[in-house]
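Converting from the sequence shown to the working numbering requires adding 9 to each position, the first position being numbered 1.
All remarks here apply to the structure that follows.
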Amino acid sequence: MSRMKRFIALLLALLSVLSLAACGTADDNKDDYVKGTSAGKELGQTVAADDIFTLNCNKGYSMNPLIATNTNNQLVCCLVYENIVEVDNSFEVQPNVVSEWTTEDGSSWTLKVASGHTFHNGAALTATDVAYTIQIAMRNDRFKARLSYVSGCTATDSETVVVNLSKKNMMFPALLSIPVIQYGTATQPYPGGSGPYQYASDYNSLTVFSKHRNAATMPLKTIYLKEYSGTDETISAFADSLIDIVLNDPSSTTNIGFGNANDIRGFNTTNMHYIVFNTYSTDFSNDALRFAMNYAFDRDSIVSQLGGYASAANLPINPASSLYNENYAKQFNYSLNKVQETLTNAGMKDYDGDGFLEFKNGEEITKVDLNFLVYSGSTIKVNAAKKFAEDMKSIGLQVTVDKQDWNNYKKLLDAGNYDMAYCEVRLNGDFDPSKLLTSGAPMNYGAVADSQLDELISAYLSANDDDRRTACDNMCAYIANKAYIVPLVFERHQLISHRGVVEGAKANENNPLCGIENWTVKIENVKKSEDTTKD
10 MSRMKRFIAL LLALLSVLSL AACGTADDNK DDYVKGTSAG KELGQTVAAD
60 DIFTLNCNKG YSMNPLIATN TNNQLVCCLV YENIVEVDNS FEVQPNVVSE
110 WTTEDGSSWT LKVASGHTFH NGAALTATDV AYTIQIAMRN DRFKARLSYV
160 SGCTATDSET VVVNLSKKNM MFPALLSIPV IQYGTATQPY PGGSGPYQYA
210 SDYNSLTVFS KHRNAATMPL KTIYLKEYSG TDETISAFAD SLIDIVLNDP
260 SSTTNIGFGN ANDIRGFNTT NMHYIVFNTY STDFSNDALR FAMNYAFDRD
310 SIVSQLGGYA SAANLPINPA SSLYNENYAK QFNYSLNKVQ ETLTNAGMKD
360 YDGDGFLEFK NGEEITKVDL NFLVYSGSTI KVNAAKKFAE DMKSIGLQVT
410 VDKQDWNNYK KLLDAGNYDM AYCEVRLNGD FDPSKLLTSG APMNYGAVAD
460 SQLDELISAY LSANDDDRRT ACDNMCAYIA NKAYIVPLVF ERHQLISHRG
510 VVEGAKANEN NPLCGIENWT VKIENVKKSE DTTKD
């Protein structure tokens, strides 16, 4: 057995002990607003301009919640439609339209539809509508990736849906935070919904739906809709209080930023930043070099660049999830000493006295020069790559940061013309890494083909509640030890409102306006701007 394999075996043995220890704790899901500043364009106006509440929408894009990719329209849809289930800020599944779900082995699921949900036209929401929604979602880009293993879906009676999967998944309900539309309305510009708000006849505002179970506690009788199309126009509209809530991705090139007198509520996401290694690369075909990279990235500096709106993660699970094993993960914290120690143990030294480390095979010396591909449009990612290169230079590893525009970056990534690359992916709510690490998967940029890893992923997905943490630990340990990818951070996105206007918000990734019935909206108590009004 090689030195590296012995090391991996020891780590796996260590994990079997650590898996018995406490895992990472979940967020308490409190109203999370933060005072401060971040990168991006500053939003200066901090007061409501009037006593009405307005959201942005873009009617040039789809308003169908199963199709809509426009963030503003998705936010509006959160009020007009109800999700099959909700997935909270700790990635736990909560009942909603579907109140119960059962399975024997994860390959066939029975969903029970709750009574008391009514569409805006007065029709009762039934299992037929839920099955129809899943069938439509399977065919549209917004949701089809997460439903790719659904082989069949049917309503067996008015309150029962049976979903069959081609791949066992005991966490399938975590994928069902999908808005329900009324049967037969998918081709309509505004499909039938059952949410707490309904469109007015002119579709320029939302009004409380009187038959919704929470109608009496809705904080606003009317929510107005206006259209601001570009990033700059949206920023100006919020700054002038012409719209009252915006969503922001601090990692995006369109990052809005915020003023220190706005309320910012961060919510966890499944958006993971990670490093992928090309297994066909001369350098990264070496297991020891890949493994050393677990320690090589200063994740906290990336979190700082994102204004604190990210969570450092050494495993491909969001730390807010109960599945994240903090005791195991922390051994891969940033440490240049551990990088150097791992490489020394693998036989890397400066054999020719040029100041850089090399591999030696017999009398042949192999120089290492790592090509690090990064998207040039992201300052955060470029800065992280530069810091990595500087850190590696300090211990004798040569790194060339290859900054490319998006088209060239994607071409090089797809073609495998790189050694390592900074990537980003939105995982599903079950944190299934299959699309990154299984043969033939669409985002398997490192050309990974590992049957043992395939088995560990399958074991994780098919594990019951009692065995899931252990199965997740085993999968994560193998991923860390083989180091086909190295996770960096999970993003936290922002729900931004003017100071003091909204209280009680508990946003989550799939429904930032979840629980609006518990909000308190105090526009009338906020000083109005003297020079801006809503038309």
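Ideal Cβ placement from N, Cα and C applies to all residues, glycine included.
Residue i - containing alpha helix (DSSP H), residue span
| i | result |
| --- | --- |
| ASP475 | Careful: ASP475 lies outside any alpha helix (DSSP H) and carries neither H nor E. |
| LEU421 | 415–424 |
| THR63 | Taken as a continuous stretch (DSSP letters only), THR63 belongs to no alpha helix (DSSP H), being part of the beta strand (DSSP E) at 63–65. |
| ALA348 | In the sequence on display, residue 348 carries Val and not Ala. Element bounds for VAL348: 345–354. |
| TYR360 | Note, TYR360: premise wrong, no alpha helix (DSSP H); not H, not E. |
| TYR192 | Looking at the DSSP string, TYR192 is not in any alpha helix (DSSP H), and its letter there is neither H nor E. |
| THR243 | 240–248 |
| TYR469 | 460–471 |
| ILE389 | 388–403 |
| ALA301 | 296–301 |
| ALA338 | 335–338 |
| LEU446 | 443–446 |
Beta-bridge pairing of residue i - partner residues as DSSP gives them
| i | result |
| --- | --- |
| ALA321 | VAL498 |
| ILE254 | SER506 |
| ASP272 | SER506 |
| ALA430 | VAL285, LEU382 |
| ARG435 | ASN280 |
| THR165 | According to DSSP, THR165 bridges with nothing at all. |
| LYS409 | In the sequence under discussion, the amino acid at residue 409 is Thr, which differs from the Lys named in the question. In DSSP, THR409 forms a bridge with ASN380. |
| TYR206 | VAL217 |
| ASN342 | According to DSSP, ASN342 bridges with nothing at all. |
| VAL530 | VAL511 |
| ASN520 | ASN517 |
Inter-residue CB distance, residue i and residue j (contact presumed, cutoff 8 Å)
| i | j | result |
| --- | --- | --- |
| GLY204 | LEU352 | That pair is no contact at about 56 Å. |
| MET473 | MET180 | Here residue 473 is Asn; the residue named in the question, Met, does not match the sequence. Going by Cβ atoms, the distance from ASN473 to MET180 rounds to 10 Å, so no, they are not a contact pair. |
| ALA338 | LEU324 | 5 Å |
| LYS491 | ASP459 | 7 Å |
| ARG478 | ASN277 | In fact, because the Cβ distance is near 19 Å, the residues do not count as touching under 8 Å. |
| ASN257 | ILE488 | At roughly 31 Å, the Cβ-Cβ gap does not stay under 8 Å, so ASN257 and ILE488 are not in contact. |
| SER320 | PHE499 | 5 Å |
| ASP482 | ASN334 | 5 Å |
| LYS177 | SER471 | 4 Å |
| ASP414 | SER385 | 6 Å |
| ALA305 | PRO496 | No, ALA305 and PRO496 are not in contact; Cβ-Cβ is about 13 Å, not under 8 Å. |
| PRO259 | GLN503 | 7 Å |
| VAL85 | CYS66 | 5 Å |
| ASP359 | PHE365 | 6 Å |
Run of the beta strand (DSSP E) containing residue i, from where it starts to where it stops
| i | result |
| --- | --- |
| ASN173 | 169–174 |
| LYS376 | 373–376 |
| ASN370 | 367–370 |
| TYR70 | Here TYR70 belongs to no beta strand (DSSP E), and DSSP marks it neither H nor E. |
| GLN314 | It is not in any beta strand (DSSP E) - GLN314 instead sits in the alpha helix (DSSP H) that spans 308–314. |
| TYR212 | Run containing TYR212: none; DSSP gives neither H nor E here. |
| LYS235 | 231–235 |
Check: residue i C-beta below 7 Å from any heavy atom of the ligand GDP
| i | result |
| --- | --- |
| PRO198 | Absent from the structure shown: the ligand GDP. Ligands present: none. |
Cutoff 8 Å: residue i Cβ touching any chain C Cβ
| i | result |
| --- | --- |
| SER175 | Given the protein chain composition of this structure (a single chain), no chain C is represented. |
Legend entry - Complete runs of the beta strand (DSSP E) confined to the segment 86–158 [at least 3 residues]: 94–96, 102–104, 107–112, 117–122, all fully within the segment 86–158.
Inset, instruction - Decide yes or no for the touch test of the segment 422–429 against the segment 376–390: beta carbon pairs closer than 8 Å, at least 3 of them. - result: Taking 8 Å as the limit for Cβ pairs, the verdict is that the segment 376–390 does touch the segment 422–429.
Inset, instruction - Could you tell me whether the segment 291–309 touches the segment 334–352, where touching means 3 or more Cβ pairs closer than 8 Å? - result: Pairwise C-beta distances place the segment 291–309 in contact with the segment 334–352, as three or more of them are shorter than 8 Å.
Legend entry - the segment 395–407 touching the segment 437–457, judged by at least three CB pairs closer than 8 Å: Because the criterion of three Cβ pairs below 8 Å is not met, the segment 395–407 and the segment 437–457 do not touch.
Inset, instruction - Specify whether the segment 515–526 and the segment 72–80 touch according to this definition: at least 3 beta carbon pairs, one from each stretch, less than 8 Å apart. - result: Flag = no, the segment 515–526 and the segment 72–80 do not touch.
Inset, instruction - Answer yes if the segment 237–250 comes into contact with the segment 115–130, meaning at least three C-beta pairs across the two stretches below 8 Å, and no otherwise. - result: Not touching, per the Cβ criterion.
Legend entry - Touch test, the segment 101–109 against the segment 272–283, Cβ-Cβ under 8 Å, three pairs minimum: The segment 101–109 vs the segment 272–283: no contact.
Legend entry - Stretch pair the segment 184–201 + the segment 84–103: three plus CB contacts closer than 8 Å: Enough Cβ pairs lie closer than 8 Å, so yes.
Inset, instruction - Assess, as a yes-or-no matter, whether the segment 204–219 is touched by the segment 149–159 under the definition of 3 or more beta carbon pairs within less than 8 Å. - result: Touching, no.
Inset, instruction - Flag this pair as touching only if the segment 295–302 and the segment 352–367 have three or more C-beta atom pairs under 8 Å; answer yes or no. - result: In the pairwise beta carbon analysis, the segment 295–302 is classified as touching the segment 352–367: at least three pairs are separated by under 8 Å.
Inset, instruction - Examine the Cβ distances between the segment 405–424 and the segment 140–149 and report whether three or more of them are shorter than 8 Å. - result: The segment 405–424 vs the segment 140–149: no contact.
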